[in-house]
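Asker: Pasting a structure below so you can have a look.
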Amino acid sequence: MSGIYIHIPFCKQACHYCDFHFVTSMKHKNRLVAALQQELVLRKKESEQNKIETIYFGGGTPSVLESTAIDAILDTIYTHYEVIDLPEITLEANPDDLTPEKIEALATTKINRLSIGVQSFFEEDLKLMNRAHNAAEAMKCISLSRKRFPNISIDLIYGIPGLTDDRWRENLRIALELEVPHISSYALTVEDDTALKSFIEKGIIDEVDDEQAQRQFNILLDVMQLHAYENYEFSNFGKAGYFSKNNTAYWTGKSYIGIGPSAHSFDGERRAWNINNNIHYMKAIEANTLPQEVEELSLVDRYNEYIMTGLRTIYGVSLNFVESKFGENFKVYLLKQSQSYLKDHLLYLDGDTLLVTRKGKFLSDGIASELFMLNLTT
0 MSGIYIHIPF CKQACHYCDF HFVTSMKHKN RLVAALQQEL VLRKKESEQN KIETIYFGGG
60 TPSVLESTAI DAILDTIYTH YEVIDLPEIT LEANPDDLTP EKIEALATTK INRLSIGVQS
120 FFEEDLKLMN RAHNAAEAMK CISLSRKRFP NISIDLIYGI PGLTDDRWRE NLRIALELEV
180 PHISSYALTV EDDTALKSFI EKGIIDEVDD EQAQRQFNIL LDVMQLHAYE NYEFSNFGKA
240 GYFSKNNTAY WTGKSYIGIG PSAHSFDGER RAWNINNNIH YMKAIEANTL PQEVEELSLV
300 DRYNEYIMTG LRTIYGVSLN FVESKFGENF KVYLLKQSQS YLKDHLLYLD GDTLLVTRKG
360 KFLSDGIASE LFMLNLTT
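Following numbering that gives the first Met the number 0, the numbering of the sequence shown begins with 0 at its first residue and continues without gaps.
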């Protein structure tokens with residue numbers, strides 16, 4: 000089984016923290032949609048051995064597309080790829096796009112899951128991040144969407160400068176009251192070449208506080224556990240039956256095809272990524288050329304990726320899998336590197352599976368980097 004990710008590189012305005020590839024001009028929207036369809040046709044052989052079980056419209060802001068454009072893209076997939084009977088088809092959406100009319104239009108497509116970029120239910124946070132919606136729109140669109148899309152996820156951000164613990168708890172309370180079955184929650188990070196970094200450097204916005212972020216992550220864990228959400232991946236929490244199949248595929252190493260400018264692909268042995276320039280992307284596709292770079296992953300690369308992804312999930316890192324897939328020397332190295340973290344109760348062993356403890360969760364990426372193999376010739 001594999002998935003298809005489709006990058007829609009359009010946004011109404013630039014969020015201050017975002018470093019994803021997007022443009023705010025809709026001038027070439029129709030041409031870009033045609034290019035996405037053409038790339039899907041050009042790459043159909045890449046999935047000949049696999050059925051498609053997830054389709055994910057990300058961005059950017061996919062909800063700026065008309066339902067006819069979404070239908071056209073999905074029709075191309077169904078024409079040229081083998082899709083399972085009940086695939087998970089997700090559309091990322093912003094609250095300001097999800098009007099009653101838009102929700103009804105989306106409900107006529109094959110989309111069966113919405114991922115709504117709420118980020119916060121408070122105006123001061125939304126203004127700091129330069130989000131296009133307001134708090135009232137966020138709450139209203141969730142209530143309306145749930146009537147047509149039972150499978151809904153929302154994004155929430157913690158660690159925002161000025162976000163008190165009480166206000167963070169209130170964000171979570173509102174999400175629970177709205178009966179959202181899946182929540183993706185991220186610490187605000189300061190990326191290069193973003194407005195947020197510039198504002199912090201100029202003293203306009205306070206610096207991001209790591210201690211605040213860790214504290215609010217722990218509040219998140221407590222609240223989610225209390226209300227029967229499983230933290231199946233570091234940033235993802237789902238009720239039983241509502242884990243994102245798309246997210247799970249990424250974190251368990253399944254293959255996927257990335258369509259669109261800046262989109263990444265993975266087939267288990269190599270990674271590829273498309274150029275992150277809309278005009279150059281469209282010109283290349285129109286000339287039947289794939290505008291991508293490819294990286295062959297070494298055995299060490301694949302081991303390191305398995306460690307990074309495994310430790311972020313409830314599935315952990317299997318010592319038996321490491322030995323069978325990468326060799327006994329990798330298993331020996333992993334156990335040796337893990338000892339101090341086991342002793343400090345940041346990691347624990349459940350049978351042959353290495354997992355992070357509650358105490359180690361917020362540090363999981365840093366722990367994983369210490370378990371990487373860097374200087375071994377394979």
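Think of the CB as a built atom: it goes at the ideal place given N, C-alpha and C, for glycine as much as any other residue.
Out of curiosity, what's the CA-to-CA distance linking Gln37 and Ile313?
Answerer: Cα to Cα, the separation comes out at about 38 Å.
Asker: Hey, quick one: how far does the beta strand (DSSP E) through Ser1 stretch, first residue to last?
Answerer: Note, Ser1: beta strand (DSSP E), Ser1 to Ile7.
Asker: Quick check on the DSSP output: the beta strand (DSSP E) that includes Asp154 runs from which residue to which?
Answerer: Counting along the chain, the beta strand (DSSP E) containing Asp154 begins and ends at Ile151 to Tyr157.
Asker: Is Ser363 helix, strand or coil when you go by DSSP?
Answerer: In this structure, Ser363 counts as helix in the three-state DSSP scheme.
Asker: Would Asn277 and Pro8 qualify as a contact pair, given that the criterion is a beta-carbon distance under 9 Å?
Answerer: Yes. Within cutoff.
Asker: What do you get for Thr60, buried or exposed, if any count of 16 or more other CB atoms within 10 angstroms of its CB means buried?
Answerer: Thr60 comes out buried.
Asker: Among Ile306, Ala134 and Asp343, whose alpha-carbon lies nearest the alpha-carbon of Trp402?
Answerer: For the chain, the structure presents residues 0 to 377; residue 402 sits outside this window and is missing.
Asker: Is DSSP giving Gly116 helix, strand or coil here?
Answerer: In this structure, Gly116 counts as strand in the three-state DSSP scheme.
Asker: Nearest to Ile182 by alpha carbon, out of His27, Met25 and His226?
Answerer: Answer by Cα proximity: His226.
Asker: Hey, how far is the Cα of Asp96 from the Cα of Ser62?
Answerer: If you take the alpha carbons of Asp96 and Ser62, they lie about 6 Å apart.
Asker: Can you name the start and end residues of the beta strand (DSSP E) that Val293 belongs to?
Answerer: Segment Gln291 to Glu295, the beta strand (DSSP E) holding Val293.
Asker: May I ask which residues mark the beginning and end of the beta strand (DSSP E) holding Ala262?
Answerer: From DSSP, Ala262 is part of no beta strand (DSSP E); its letter is neither H nor E.
Asker: For Ala271, name the three-state secondary structure that DSSP assigns.
Answerer: Residue state, collapsed to three classes: strand.
Asker: Taking the C-alpha atoms as reference points, what is the distance between Glu229 and Phe236?
Answerer: Taking the straight line from one Cα to the other gives about 5 Å.
Asker: Within 10 angstroms of its Cβ, does Ile366 collect 16 or more other Cβ (buried), or is it exposed?
Answerer: That one is buried.
Asker: Quick one: residues in its chain with C-beta nearer than 6 Å to the C-beta of Phe329, no 5 flanking neighbours on either side, listed in chain order?
Answerer: Only Tyr302 and Val321 meet the Cβ criterion.
Asker: Compare the C-alpha of Arg168 against each of Tyr157, Leu143 and Pro94 and name the closest.
Answerer: Residue Tyr157 is the option with its Cα nearest to Arg168.
Asker: Identify which residue in Glu52, Tyr77 and Glu103 has its Cα closest to the Cα of Ser66.
Answerer: Nearest of Glu52, Tyr77 and Glu103 to Ser66, Cα basis: Glu103.
Asker: In whole angstroms, give me the CA-to-CA distance for Met0 and Ile51.
Answerer: Those two C-alpha atoms are separated by around 6 Å.
Asker: In the DSSP assignment, find the unbroken alpha helix (DSSP H) run with Asp70 in it and report its ends.
Answerer: Per DSSP, Asp70 belongs to the alpha helix (DSSP H) from Ser66 to His79.
Asker: Could you have a look at Pro94 and say whether DSSP puts it in helix, strand or coil?
Answerer: Of the three classes helix, strand and coil, the one that applies to Pro94 here is helix, per DSSP.
Asker: Need the endpoints of the alpha helix (DSSP H) that Glu52 sits in, please.
Answerer: It is not in any alpha helix (DSSP H) - Glu52 instead sits in the beta strand (DSSP E) that spans Ile51 to Gly58.
Asker: Can you tell me whether Leu353 is helix, strand or coil according to DSSP?
Answerer: Residue state, collapsed to three classes: strand.
Asker: Tell me the DSSP secondary structure of Ile83 in three-state form.
Answerer: In this structure, Ile83 counts as strand in the three-state DSSP scheme.
Asker: May I ask you to list the residues that DSSP assigns as paired with Glu190?
Answerer: The partner list for Glu190 (beta bridge, DSSP) is empty, contrary to what the question assumes.
Asker: With a threshold of 8 Å on Cβ separation, who are the neighbours of Asp205 within its own chain once the five nearest residues in sequence on each side are excluded?
Answerer: Taken in chain order, the residues that qualify are Pro160, Gly161 and Ile199.
Asker: Are the beta-carbon atoms belonging to Ser261 and Glu45 less than 9 Å from one another?
Answerer: No. Outside cutoff.
Asker: Which partner residues does Tyr347 have in the DSSP bridge list?
Answerer: Its beta-bridge partners are Leu354.
Asker: DSSP puts Gly257 in a beta bridge; with which residues?
Answerer: Paired residues: Tyr4.
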